[in-house]
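Each protein sequence line maps, in turn, to chains X and V.
Start counting the first sequence at 1; every next residue gets the next number (the working numbering).
Start counting the second sequence at 490; every next residue gets the next number (the working numbering).
Think of the CB as a built atom: it goes at the ideal place given N, C-alpha and C, for glycine as much as any other residue.
Report on one structure; see the data block that follows.
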Amino acid sequence: MGVAETGRVLASGEVSSVELSKHLLARLHRHAELGALLACDEEETLRQAAAADARRHAGDKGPLLGLPIAHKDIFVTRALPTTAGSKMLEGYRSPFDATVVERLAAAGAVTLGKLNCDEFAMGSGSENSAFRPVLNPWDRSRVPGGSSGGSAAAVAARLVPAATGTDTGGSIRQPASFTGITGIKPTYGVCSRYGMVAFASSLDQAGPLARSAEDCALLLGAMGGFDARDATSAERPPEDYARALRAPRAGAAPGRPLGGLRIGLPKEFFPAALGSDVANAVRGALAELERLGAALVDVNLPRTELSIPVYYIIAPAEASSNLSRFDGVRYGHRAARYDDLLDMYKKSRSEGFGAEVKRRIMIGTYVLSHGYYDAYYLQAQKLRRMIADDFQACFRTCDLIAGPVAPSVAWKLGAQSEDPVASYLADIFTLPASLAGLPGMSVPAGFGEGDLPVGLQLIADYFQEATLLHAAHALQQATDWHLRTPSGC
Amino acid sequence: MSQGPHIRGYEVVIGIETHAQLSTRSKIFSGAPTAFGAPPNTQASAVDLALPGTLPVLNRGAVERAIRFGLAVEGTVAPLSIFARKNYFYPDLPKGYQISQYETPVVQGGRVTFLLSGNPRLVNLTRAHLEEDAGKSLHEDYHGQTGIDLNRAGTPLLEIVTEPDMRSSAEAVEYAKALHALVVWLGICDGNMQEGSFRCDANVSVRRPGAPFGTRREIKNLNSFRFMQQAIDYEVQWQIDLLEDGGTVRQATVLFDPDSGETRAMRTKEDAHDYRYFPDPDLPPLVIEPAWIEAVRADMPELPQAMARRFEREHALPTQDAALLTSTPATARYFEAAVASLPVGSAATAAKLVANWMMGELARRLNAADLPIEAAPIDAGRLARLVARIADGTISNNAARQVFDALCNGEADDVDAAIEAKGLRQIDDAGALEAVVAAVLAGNAKSVEEYRAGKEKAFNALVGQAMKATRGKANPEQLHALLKKKLG
Numbered sequence: 001m002g003v004a005e006t007g008r009v010l011a012s013g014e015v016s017s018v019e020l021s022k023h024l025l026a027r028l029h030r031h032a033e034l035g036a037l038l039a040c041d042e043e044e045t046l047r048q049a050a051a052a053d054a055r056r057h058a059g060d061k062g063p064l065l066g067l068p069i070a071h072k073d074i075f076v077t078r079a080l081p082t083t084a085g086s087k088m089l090e091g092y093r094s095p096f097d098a099t100v101v102e103r104l105a106a107a108g109a110v111t112l113g114k115l116n117c118d119e120f121a122m123g124s125g126s127e128n129s130a131f132r133p134v135l136n137p138w139d140r141s142r143v144p145g146g147s148s149g150g151s152a153a154a155v156a157a158r159l160v161p162a163a164t165g166t167d168t169g170g171s172i173r174q175p176a177s178f179t180g181i182t183g184i185k186p187t188y189g190v191c192s193r194y195g196m197v198a199f200a201s202s203l204d205q206a207g208p209l210a211r212s213a214e215d216c217a218l219l220l221g222a223m224g225g226f227d228a229r230d231a232t233s234a235e236r237p238p239e240d241y242a243r244a245l246r247a248p249r250a251g252a253a254p255g256r257p258l259g260g261l262r263i264g265l266p267k268e269f270f271p272a273a274l275g276s277d278v279a280n281a282v283r284g285a286l287a288e289l290e291r292l293g294a295a296l297v298d299v300n301l302p303r304t305e306l307s308i309p310v311y312y313i314i315a316p317a318e319a320s321s322n323l324s325r326f327d328g329v330r331y332g333h334r335a336a337r338y339d340d341l342l343d344m345y346k347k348s349r350s351e352g353f354g355a356e357v358k359r360r361i362m363i364g365t366y367v368l369s370h371g372y373y374d375a376y377y378l379q380a381q382k383l384r385r386m387i388a389d390d391f392q393a394c395f396r397t398c399d400l401i402a403g404p405v406a407p408s409v410a411w412k413l414g415a416q417s418e419d420p421v422a423s424y425l426a427d428i429f430t431l432p433a434s435l436a437g438l439p440g441m442s443v444p445a446g447f448g449e450g451d452l453p454v455g456l457q458l459i460a461d462y463f464q465e466a467t468l469l470h471a472a473h474a475l476q477q478a479t480d481w482h483l484r485t486p487s488g489c
Numbered sequence: 490m491s492q493g494p495h496i497r498g499y500e501v502v503i504g505i506e507t508h509a510q511l512s513t514r515s516k517i518f519s520g521a522p523t524a525f526g527a528p529p530n531t532q533a534s535a536v537d538l539a540l541p542g543t544l545p546v547l548n549r550g551a552v553e554r555a556i557r558f559g560l561a562v563e564g565t566v567a568p569l570s571i572f573a574r575k576n577y578f579y580p581d582l583p584k585g586y587q588i589s590q591y592e593t594p595v596v597q598g599g600r601v602t603f604l605l606s607g608n609p610r611l612v613n614l615t616r617a618h619l620e621e622d623a624g625k626s627l628h629e630d631y632h633g634q635t636g637i638d639l640n641r642a643g644t645p646l647l648e649i650v651t652e653p654d655m656r657s658s659a660e661a662v663e664y665a666k667a668l669h670a671l672v673v674w675l676g677i678c679d680g681n682m683q684e685g686s687f688r689c690d691a692n693v694s695v696r697r698p699g700a701p702f703g704t705r706r707e708i709k710n711l712n713s714f715r716f717m718q719q720a721i722d723y724e725v726q727w728q729i730d731l732l733e734d735g736g737t738v739r740q741a742t743v744l745f746d747p748d749s750g751e752t753r754a755m756r757t758k759e760d761a762h763d764y765r766y767f768p769d770p771d772l773p774p775l776v777i778e779p780a781w782i783e784a785v786r787a788d789m790p791e792l793p794q795a796m797a798r799r800f801e802r803e804h805a806l807p808t809q810d811a812a813l814l815t816s817t818p819a820t821a822r823y824f825e826a827a828v829a830s831l832p833v834g835s836a837a838t839a840a841k842l843v844a845n846w847m848m849g850e851l852a853r854r855l856n857a858a859d860l861p862i863e864a865a866p867i868d869a870g871r872l873a874r875l876v877a878r879i880a881d882g883t884i885s886n887n888a889a890r891q892v893f894d895a896l897c898n899g900e901a902d903d904v905d906a907a908i909e910a911k912g913l914r915q916i917d918d919a920g921a922l923e924a925v926v927a928a929v930l931a932g933n934a935k936s937v938e939e940y941r942a943g944k945e946k947a948f949n950a951l952v953g954q955a956m957k958a959t960r961g962k963a964n965p966e967q968l969h970a971l972l973k974k975k976l977g
């Protein structure tokens with residue numbers, strides 16, 4: 001059951017939130033081998049579920065009331081420990097809930113647990129978790145993508161109806177693509193970053209991972225909205241994405257729900273090197289969109305390749321500073337033995353951080369260093385603005401941009417552990433929208449090599465999440481890729 | 490810029506950086522209170538502790554105070570300024586970086602003017618920028634360990650940086666005093682130097698006149714004007730000694746030890762941090778619309794120098810008096826209240842008399858008891874009535890001092906009643922004075938003779954005798970005139 005369906009079942013009284021939560025907790029434990037779950041507290045979950053049931057008895061309603069979900073372990077929570085997938089924060093308990101967690105709870109969602117991810121959200125395979133790698137439910141010898149791999153795997157394996165995730169350079173879209181589910185990264189500023197363990201502040205955005213565009217719309221409606229605790233939060237009136245998604249497109253004829261919608265295809269998103277399985281799946285989904293009335297137009301994003309070096313300068317630069325607070329002084333890991341202050345810093349951080357985190361801290365420190373700042377960081381900022389301008393040029397001739405989420409299907413566990421640059425290169429299609437701050441989503445588009453899922457990426461202009469979700473919903477009304485389930489779950 | 494006195498043939502060049510703690514109730518990026526002296530870590534929120542997931546949100550009150558300062562020093566209030574992160578590790582710096590402004594500060598340019606030995610001086614400001622304070626490391630009472638108090642972490646600071654415009658320690662001190670008076674006057678800083686609300690760093694170098702600037706050393710954390718003067722004086726001699734011995738000054742940060750009176754190098758340029766400044770992605774650029782600036786301007790108090798010029802104009806006060814009377818808002822308020830209380834038709838010189846009494850008798854009393862003018866033992870209204878009685882000739886200056894003391898000590902409540910009770914009303918009745926003068930001349934033949942022989946001093950002796958005879962009540966002008974007349 002997805003979010004919408006669960007809502008209907010709970011509303012009908014066929015099943016209570018307590019019953020459903022117990023059932024899902026049992027499933028999470030039964031599929032512990034996937035490595036998706038990092039923390040849970042049955043008593044706490046059932047307390048929340050009982051409270052939701054009581055609200056319903058008292059006459060409360062709402063699509064998320066009593067809905068069990070789980071949170072990426074990047075969101076801080078009072079009820080459960082928050083590790084960000086790092087030894088550095090093992091056992092850390094936050095005195096407050098992230099805004100996203102707080103808002104979902106206010107809407108009646110029940111927390112089943114915290115989900116595994118790459119350490120501090122740095123990675124694209126969820127192998128960088130300090131605790132254990134997450135497995136892809138479609139093929140347990142493969143990664144589920146990352147960094148929101150625990151969220152993606154849990155949703156794909158039907159262990160949870162939906163989960164929260166965060167996306168800095170593709171961390172919602174790419175795991176959604178690798179696991180055949182739907183995920184949306186909204187416009188930068190839609191979801192409050194308050195309570196998200198920061199990776200790269202100018203890029204981090206929260207979003208839902210679920211089974212359908214409709215489910216994503218229901219969750220995003222509750223997660224988003226202005227928050228005075230985040231100075232980069234967008235001051236806009238709340239939006240009812242679910243309603244917008246169901247509303248017919250103005251002027252669209254019956255049978256052609258996307259009539260009048262122009263979808264731009266950047267030729268840079270279809271390079272010769274793109275895996276033919278991925279290209280074929282994406283082209284199949286595009287043909288479906290065309291059949292639904294959308295017009296496909298050619299556009300250009302000439303700096304697509306440059307988004308890789310730009311991102312891998314800006315994100316580590318911000319990360320190197322954001323992660324300075326993990327110094328062993330106030331909370332988090334502190335080395336057991338040290339000679340002096342400097343030694344305490346060095347040992348605590350060396351022991352607490354994993355290899356990829358250290359790598360990015362070093363890159364970030366380097367590009368911000370005196371004498372290198374202008375050549376790297378400043379140049380990257382200039383290019384970032386140009387990349388955003390390129391998108392604006394595209395949106396003069398199209399409403400959405402489409403392409404693959406990733407150049408390939410999910411890779412084998414360990415395949416990229418010796419070559420971090422290879423995994424950086426695989427981010428090529430998700431990075432441009434991240435750098436521009438645009439909303440992007442991954443929609444199941446069929447299967448590629450090894451019968452592994454392939455995602456179609458859709459990107460919209462700022463704050464056009466409704467258009468994005470509407471198009472994805474139309475596609476999902478006409479196709480069943482998103483309904484396919486991995487065997488053995 | 491001024492030509493300062495040369496020391497051993499060297500010219501001294503000084504620039505000052507001041508950290509003024511802004512008087513907001515809450516911190517610059519969190520809602521935690523800023524009150525001083527609370528038990529450790531009771532005024533640190535999750536944001537101040539830099540707990541994972543926390544974010545800074547700018548306190549508009551701090552910005553408003555920066556705008557106020559920018560307007561007061563006639564600097565440019567930047568329509569857009571940028572917060573940056575200054576990265577370094579220290580236990581009392583919870584985030585591992587300090588949020589400050591680097592390339593684009595909120596106030597650009599400006600100047601501070603003041604009097605130095607009665608002469609007007611002007612010091613140009615480079616900039617003033619907003620930043621957060623760090624916490625405190627407590628090295629005592631922790632048995633070899635270090636305690637961290639984060640109450641101060643996140644307290645708003647305005648860092649005010651001058652051009653290297655000062656040419657002597659005296660000028661640096663006068664600048665710092667003028668700046669201190671200004672921020673207190675503006676109500677943006679409580680000015681409490683003991684509590685660290687106003688701390689200065691002095692960049693000091695020396696050079697042969699006409700030569701390019703010498704290498705500077707920065708004396709950190711001067712928290713009193715006296716220490717500033719001592720530290721700069723010591724540092725100047727130290728640098729000259731070094732140069733005279735054939736050495737070269739190396740750029741360094743130094744600390745002043747008040748006990749030894751010496752400065753001591755803390756770190757040199759070679760081991761300076763690379764702070765890796767970059768724009769803070771958690772904070773959008775600070776945009777200050779013209780309407781905001783105008784709203785702040787409309788709410789600005791009259792500035793001390795404008796008020797001083799008005800005092801000179803309206804009350805015919807000398808520049809030095811006007812400057813002293815506008816040294817603090819309370820002093821100026823007291824003066825204005827007193828002048829307003831003078832009876833209608835008081836002599837034009839009455840305002841100057843008020844000034845004299847404030848800077849004389851009243852200041853002496855306040856200094857002796859170490860009291861601010863807000864705690865003056867005599868209110869402005871009573872001082873005005875006392876001054877009015879001097880101005881209209883009812884009492885002499887000497888008699889007024891007795892009344893002043895009585896009022897201050899609480900022996901008397903009303904000026905006129907005190908004059909009557911003490912019988913201090915001046916004798917300005919010509920007949921009565923003539924009798925006194927006649928008696929004095931008759932009884933002091935020797936003095937009369939000496940005076941007539943050309944000894945001017947003898948005249949004063951005769952005045953004294955006459956005053957003694959009237960117990961100080963003789964109208965001095967009438968007495969002088971009468972004596973001269975009688976002595977022919």
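- Within chain V, no residue has its beta carbon less than 9 Å from that of X:Glu239; the closest one is some 22 Å off.
- In the three-state DSSP reduction, V:Gln794 falls in the helix class (H, G or I).
- Closest option to X:Tyr338, judged by alpha-carbon separation, among X:Arg349, X:His470 and X:Gly446: X:Arg349.
- Sequence-distant Cβ neighbours of V:Ile916 in its own chain, meaning closer than 7 Å and more than five residues away, are Leu922, Thr959, Lys962, Ala963 and Asn964.
- The shortest C-alpha to C-alpha distance from V:Arg641 to any of V:Val536, V:Ala573 and V:Leu604 is the one to V:Val536.
- Taking CB atoms only, X:Leu341 has a neighbour in chain V less than 8 Å away.
- Our two residues, V:Ala873 and V:Val952, have alpha carbons roughly 29 Å apart in a direct line.
- Contact annotation for X:Gly195 against chain V: Gly542 [CB-CB distance below 7 Å, chain order].
- Sequence-ordered contacts of the region 796-825 of chain V with chain X are nonexistent [C-beta pairs closer than 7 Å].
- DSSP, reduced to helix, strand and coil, places X:Lys61 outside both helices and strands of the structure shown, so it counts as coil.
- Nearest C-alpha to X:Gly354 among X:Glu5, X:Gly85, X:Val76 and X:Val9: X:Gly85.
- Relative to the Cα of X:Asp240, the nearest Cα in the group X:Gly225, X:Arg249 and X:Ala250 belongs to X:Gly225.
- Taking V:Ala521 as the centre and dropping the five residues before and after it, the same chain places the C-beta of Ser515, Gln532, Ala533, Ser534, Asp537 and Gly643 closer than 7 Å to its C-beta, in chain order.
- For the region 86-108 of chain X, the beta-carbon criterion of a distance under 8 Å to any beta-carbon of chain V is satisfied by Leu89, Tyr92, Ser94, Pro95, Phe96 and Ala98.
- Contact check for V:Ala880 against V:Ala839 passes: the beta carbons are separated by less than 8 Å.
- Per DSSP, the unbroken alpha helix (DSSP H) holding V:Arg878 starts and ends at Ala869 to Ala880.
- Leaving aside the five residues that flank V:Ala877 on each side, the residues in its chain whose CB is nearer than 7 Å to its CB run, in chain order, Leu831, Pro832, Ser835 and Ala839.
- Scanning its chain for C-beta atoms nearer than 8 Å, with the 5 sequence neighbours on each side dropped, one finds around X:Arg229 the residues Thr99, Ser192 and Tyr194, in chain order.
- In the displayed model, X:Tyr373 falls within coil according to three-state DSSP, outside both helix and strand.
- At the C-beta level, V:Asp638 and V:Asn530 come within 8 Å of one another.
- Counting only residues of its own chain and dropping the five nearest sequence neighbours on each side, X:Leu159 has a CB closer than 6 Å to the CB of Arg27, Leu28 and His31.
- For V:Thr820, the enclosing alpha helix (DSSP H) begins and ends at Pro818 to Ser830.
- Unbroken alpha helix (DSSP H) stretches of 4 residues or longer found wholly inside the region 15-68 of chain X: 17-30 and 42-57, given in chain order.
- In this structure, X:Leu258 is the residue among X:Leu258, X:Ala162 and X:Ala39 with its C-alpha nearest to the C-alpha of X:Leu469.
- Residue environment: V:Ala889 is assigned as buried (16 or more neighbouring CB atoms within 10 Å of its CB, all protein chains considered).
- Assignment of X:Cys191 by DSSP, reduced to helix, strand and coil, places it in the strand class.
- V:Ile862 and V:Ala907 have their alpha carbons spaced roughly 23 Å apart.
- A check of alpha carbon separations from X:Ile361 across X:Trp411, X:Ala315, X:Ile181 and X:Glu44 identifies X:Ala315 as the nearest.
- Taking a Cβ-Cβ threshold of 7 Å, the residues of chain X close to V:Lys584 are Ser324 and Arg325, in chain order.
- Taking 8 Å as the upper bound on Cβ-Cβ separation, chain V lies near residues Leu368, Ser369, His370, Tyr373 and Tyr377 of the region 366-383 of chain X.
- Taking a C-beta distance under 8 Å as the contact criterion, X:Gln416 and X:Arg173 do not qualify as a contact pair.
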